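One structure is given here, and the rest of the page talks about it.
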Amino acid sequence: MIFRSPLLRQPNAPVLLEAMHFRFQPSWQYFLSLVDHENIQTVDSVAELPSYIISKGNAQLEYNLGGGTMLHLGTYPMYALRQIMGDEPKECVTCRIRSTPPPVDLSDESTEVRFRFHGGRIGNAVISARASVTTLPTFNISVCHKEIKLEDMTLPKGQTKWTRRKLSISNFLISSFWHRIDIVDEHAIRDETNEKDLKKWTVKQSKKVYTFKDANVDQPSEPFWSSFRHQLEQFVNRVRGKQGSGLWVDQEDSIAQARMIDMAYEKSGLPLRPTSKFRLEISTGDLLG
92 MIFRSPLLRQ PNAPVLLEAM HFRFQPSWQY FLSLVDHENI QTVDSVAELP SYIISKGNAQ
152 LEYNLGGGTM LHLGTYPMYA LRQIMGDEPK ECVTCRIRST PPPVDLSDES TEVRFRFHGG
212 RIGNAVISAR ASVTTLPTFN ISVCHKEIKL EDMTLPKGQT KWTRRKLSIS NFLISSFWHR
272 IDIVDEHAIR DETNEKDLKK WTVKQSKKVY TFKDANVDQP SEPFWSSFRH QLEQFVNRVR
332 GKQGSGLWVD QEDSIAQARM IDMAYEKSGL PLRPTSKFRL EISTGDLLG
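Quick note: our numbering has the sequence shown finishing at residue 380, numbered continuously throughout.
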């Protein structure tokens, strides 16, 4: 609704930017650079908060206000799935929810959801705004690629080389406080006749990327900048007409994200979140400035 506002069609229109703040972090952009989109097998994303952070009856869980864990906390791990896959989900395969207690049981307080992407790639998200009080805030992602065959002319006839990459990032949502990126490359030399492994080895790396300089990218950044500060940098660039890094969340991206969340709610059996009844009334004078 907001993207169809006449205000956005006038010269020098207001700048809108959805607060998908983690996308603007150097750590996230570096993590994405490690991903081979087409050869992904599965992606698992987790976002959990102990129950004392979002209390019972909180507006974030109230259906009439558009509440629900998938729409609030869950939008981050689901957005991460879209970013990592570089694609939109084709189908929500399953969505198991734990609803809020009656009589306000139209919202979800925890969810396990699975999406199917092009090529049979699977994206899973585990989301809970009411996890055990002993649970630490958890924002983790792991990516498992398909095993692929590599060309290696140095191998004897009848032998082939194979590799599989596994990636993980801990604390992807607020990585300026702390994070860790793990890269695990599994290699094997295989006998073509019986498909038995003749040799196997693993190469492991761990990375921390607090600034764009750490990722060899020439963009403003400081180790103490939060995800919101990185996003603010690009927002100010857009307002001032500067090019910036090019990182942005446009209206098509926001609409696609809402569509993904709707797919999950439809599969869960819960009703879609209600559309706001708010309508902005604009006079001709407002449009003309």
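Think of the CB as a built atom: it goes at the ideal place given N, C-alpha and C, for glycine as much as any other residue.
Every value quoted in this text rests on a predicted model; they were computed, and no experiment measured them.
Between Thr251 and Lys240, the C-beta gap is smaller than 8 angstroms, which places the two residues in contact. Boundaries of the beta strand (DSSP E) around Pro141: 131 to 141. Taking 8 angstroms as the cut-off, the beta carbon of Ser345 is found no closer than this to the beta carbon of Gln310. In its chain, beyond the 5 residues on either side, Arg255, Thr293 have a beta carbon closer than 6 angstroms to the beta carbon of Glu277.
Ala306 is bridged by DSSP to nothing; it lacks a bridge partner. Ranked by Cα distance from Leu361, the options Ile145, Thr191, Leu99 are led by Thr191. Exposed is the label assigned to Gln342, since fewer than 16 other Cβ atoms lie within 10 Å of its Cβ. DSSP, read as helix, strand or coil, puts Arg212 in coil. Annotated three-state conformation of Phe263 is coil, per DSSP.
As a beta-bridge residue in DSSP terms, Asn231 pairs with Val137, Ser261. In the structure shown, Gln250 adopts extended strand secondary structure according to DSSP, grouped into three states.
Rounded to whole angstroms, the Cβ separation of Ile188 and Thr202 is 5 angstroms, and the two are in contact under 8 angstroms.
Straight-line measurement puts the Cα of Val275 at about 14 angstroms from the Cα of Trp253.
Boundaries of the beta strand (DSSP E) harbouring Trp292: 288 to 298, taken from the DSSP string. Separation of the CB atoms of Phe122 and Ile260 is rounded to 5 angstroms, and the pair is thereby assigned contact status at 8 angstroms.
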